Structure formats: structure tokens, C-alpha cells
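Asks: My structure is below; once you've seen it, I'll send some questions.
Structure below.
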């Protein structure tokens, strides 16, 4: 694809959308002028880089909450950097972080308007703003080497996730817009809004409650008539069981320190009579 094609606005389809009712300079600034240099003077290439600047006018809740999102803050990466490198190196690391890490997912437009360079870059659909990001052109374009390939079954000899193979589910089937926009909002799934909660930004993707859990969609698990089939009581057991195909026990223990076995059960096969 030619560079100009990546930024070509599909005026016909874009004009039919709600966002198409606004003018270019309402979001991108610049000037309404026939001269290219004058028109681009003061232009903001990515207005969504600062959600409070433009997006907040119509999407005030999302623009406010996005600061708590790991996609926006990339706090998980900073946690790793702070842990693995001495403070005197942080200034140089911040520069490298801005040149590389921050070029992936950080803004509203990175998910809803554009696609990463790993899948070609440029607009997804001629600047049409997609309410639901594409799984292959957005989600797995960044989360593809491990998560995407495993989920889709691209590893030789290992079938894809049952949710994809049988249910044809995609990323947003479990990871809702609320989860993506605000990683703290999951707290209200168990706590009432009237409770005095102190919302703290997540340090990593394993911080806080691991939701959705298997029981979120399968509440019947662990209630079998044959008690030897019941699932253990810890919330992470399902994750640990599925992860054993790919991770060592040491790695699992490091990821889920609370997922220690509560007891050891010996299962005896029953012969039908």
C-alpha cells in the first residue's frame, strides 16, 4: 500500500457516520485554506493522544477513565522497567520507551481509527471510526506472538482455544470496552458504587481481581454430583490448568502466587457397570 493510501479519508463512507458530521479542523485544528502549508499550520496529527482535548467533548466518561487503562498508561511495562533496571538508567529508558513502546497502543485512535505497522499501518477503514476494534487488525496485531497465536491455534500441533474453535469468539467477547477503557471499573462488579473505594492504577495485568473468570460464564462448574469432578476453590485454578500446556510450574507459581493447591485429590477411574 502506498503511503498516501494509508491516510486517504474515505469521504463517502466517513460522511455517513456521526463523526463525519464534524469538520476536520474541529479535531485536528489547522486552518481551512486551499494552500497545503497554511492548512496544515498548527495541525494536530493525532487528536486522541490527549483524550481530554477532543474526545472528551462527546465521550467524557471514556476520556476521563482511559487514564486508568493499562493500554493508555502502559503501567505494566513501567513496572518491569523499574524492577529490572537501576534508577540512574531510567532517563535513557524513558527516551527509548517513548520511541518504541509508546508507539503501540496508547490512544483512542490506535484502536478505533488506525492499525499498527505490523499489519500495514494507516487507517483501518479510511478514517471511519470503528466502535469495536478488529481482532486481527488491532488486537492480535500487537498481542499476536503469544496470545493471538495460541488463541487462534497457530502453534504447530497445538489446537486453538476452544472458545475460538467452537464458539468462534473474539477478543471483545470477554474483554469488554469497559475493561479496555478503565482497568479499575471491574471493582464495581462486586462492590457497590456507594462504598468508599480507593481506586489505584494497576501495576500489571495480574493486579487485582482476575476477571472474567471461568465461573463468569460457567457458573455450574464445581457443582458436579460426583465430588471428585468438582473444581478446586481458588479462582485461578482454571487458568493454571490450561496454562500447564505452555508454562512450567515455576512460571505459573510466579504469575499466580495465590494459586497454591488447597488439597491433593486422588482420582480413581470408575468402571461402568
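Residue numbers (the numbering used here): 1252 to 1524.
Beta carbons are placed, not taken as given, at the ideal position from N, Cα and C, and that holds for glycine.
Remember, it's a predicted structure, so these values are computed and weren't measured experimentally.
1) Give the straight-line distance between the Cα atoms of residue 1406 and residue 1340, rounded to the nearest whole angstrom.
2) Counting Cβ pairs, one atom from each stretch, are 3 or more of them under 8 Å apart for the region 1410-1430 and the region 1297-1308?
3) Return the CA-CA distance between residue 1342 and residue 1321, expressed in angstroms with no decimal places.
4) Does residue 1280 come out as helix, strand or coil in the three-state DSSP assignment?
5) Taking DSSP as the reference, what is the three-state secondary structure of residue 1420?
6) Taking residue 1386 as the reference, which of 1377, 1425, 1379 has the closest Cα?
7) Between residue 1306 and the rest of its own chain, which residues show a CB-CB distance below 6 Å, the 5 nearest in sequence each way excluded?
8) Is the region 1371-1386 in contact with the region 1255-1266, if contact means three or more CB pairs nearer than 8 Å?
9) Is the beta carbon of residue 1336 less than 8 Å from the beta carbon of residue 1344?
10) Could you please give me the residues that DSSP links to residue 1386 through a beta bridge?
11) May I ask you to report which of helix, strand or coil DSSP gives residue 1396?
12) Would you mind listing the alpha helix (DSSP H) stretches within the region 1334-1389 that are 4+ residues and don't spill past its ends, in chain order?
13) Can you tell me where the alpha helix (DSSP H) with residue 1316 in it begins and where it stops?
14) Would you call residue 1495 buried or exposed, if buried means 16 or more other Cβ atoms sit within 10 Å of its Cβ?
15) Only counting the same chain, and skipping five residues up and downstream in sequence, which positions put a Cβ closer than 7 Å to that of residue 1400?
16) First and last residue of the alpha helix (DSSP H) that includes residue 1264?
17) Do you know offhand how far residue 1333's Cα is from residue 1350's?
18) At which residues does the alpha helix (DSSP H) containing residue 1305 begin and terminate?
19) Might you give, ordered along the chain, the residues of its own chain that have their beta carbon closer than 8 Å to the beta carbon of residue 1328, omitting 5 neighbours on each side?
20) Are the beta-carbon atoms belonging to residue 1283 and residue 1294 less than 8 Å from one another?
21) Cutting at 7 Å between CB atoms, please list the residues of its own chain near residue 1259, excluding the five before and the five after it.
22) DSSP has residue 1431 in a bridge; who is on the other side?
23) Just to confirm the assignment, what range does the alpha helix (DSSP H) spanning residue 1287 have?
24) To the nearest angstrom, how far is it from the Cα of residue 1404 to the Cα of residue 1371?
25) Does the distance from the C-beta atom of residue 1331 to that of residue 1366 stay below 8 Å?
Replies: To lay it out plainly:
1) Stepping through the chain shown from its first residue, residue 1406 is reached at position 155. Stepping through the chain shown from its first residue, residue 1340 is reached at position 89. Spanning the two alpha carbons is a distance of roughly 37 Å.
2) no
3) For the purposes of this step, residue 1342 is taken as the residue at position 91 of the chain shown. For the purposes of this step, residue 1321 is taken as the residue at position 70 of the chain shown. Distance between the alpha carbons of residue 1342 and residue 1321: 21 Å.
4) On the chain shown, position 29 is the one that residue 1280 refers to. Strand at residue 1280.
5) In the chain shown, the residue the question calls residue 1420 occupies position 169. It is coil, neither helix nor strand.
6) Here residue 1386 refers to the residue found at position 135 of the chain shown. Taking only the C-alpha atoms, the option nearest residue 1386 is 1425.
7) As a first step, residue 1306 is located in the chain shown; it is residue number 55 there, counting from the start. The answer, listed in chain order, is 1299, 1314, 1359.
8) yes
9) The residue given as residue 1336 occupies position 85 in the chain shown. The residue given as residue 1344 occupies position 93 in the chain shown. Yes, the pair counts as a contact, with Cβ atoms nearer than the cut-off.
10) By one-based count along the chain shown, residue 1386 stands at place 135. Beta-bridge pairing links residue 1386 to no other residue.
11) Within the chain shown, the letter at position 145 stands for residue 1396. Here residue 1396 sits in helix by DSSP.
12) Fully enclosed alpha helix (DSSP H) runs of 4 or longer: 1341-1350, 1359-1363.
13) In the chain shown, counting from the first residue as 1, residue 1316 sits at position 65. Taken as a continuous stretch (DSSP letters only), the alpha helix (DSSP H) holding residue 1316 covers 1311-1316.
14) To locate residue 1495, count along the chain shown from 1; it is residue 244. Low per-residue confidence applies at residue 1495: pLDDT is 40, beneath 50, and the placement is therefore not dependable enough to give any value.
15) Position 149 of the chain shown holds residue 1400. Answer for residue 1400: 1406, listed in chain order.
16) Locating residue 1264 in the chain shown gives position 13, counting from the first residue. Where residue 1264 is concerned, the enclosing alpha helix (DSSP H) stretches over 1262-1266.
17) The residue labelled residue 1333 in the question sits at position 82 within the chain shown. The residue labelled residue 1350 in the question sits at position 99 within the chain shown. Approximately 18 Å, taken between the alpha carbons.
18) The residue labelled residue 1305 in the question sits at position 54 within the chain shown. Per DSSP, residue 1305 belongs to no alpha helix (DSSP H) and is neither H nor E.
19) In the chain shown, counting from the first residue as 1, residue 1328 sits at position 77. So the qualifying residues of the chain are 1348, 1352.
20) Here residue 1283 is taken as the residue at index 32 of the chain shown, counted from 1. Here residue 1294 is taken as the residue at index 43 of the chain shown, counted from 1. Not a contact, by the Cβ cut-off of 8 Å.
21) Counting from 1 along the chain shown, the entry for residue 1259 is found at position 8. Counting only Cβ-Cβ distances below 7 Å, and skipping sequence neighbours, we find 1377.
22) Here residue 1431 refers to the residue found at position 180 when the chain shown is read from its first residue. For residue 1431, which the question treats as bridged, DSSP gives no partner whatsoever.
23) Within the chain shown, residue 1287 is the residue found at index 36, counting from 1. Segment 1287-1290, the alpha helix (DSSP H) holding residue 1287.
24) Counted from its first residue, the chain shown places residue 1404 at position 153. Counted from its first residue, the chain shown places residue 1371 at position 120. Cα to Cα, residue 1404 sits roughly 23 Å from residue 1371.
25) In the chain shown, residue 1331 corresponds to position 80, counting from 1. In the chain shown, residue 1366 corresponds to position 115, counting from 1. No, Cβ-Cβ distance for residue 1331 and residue 1366 is not below 8 Å.
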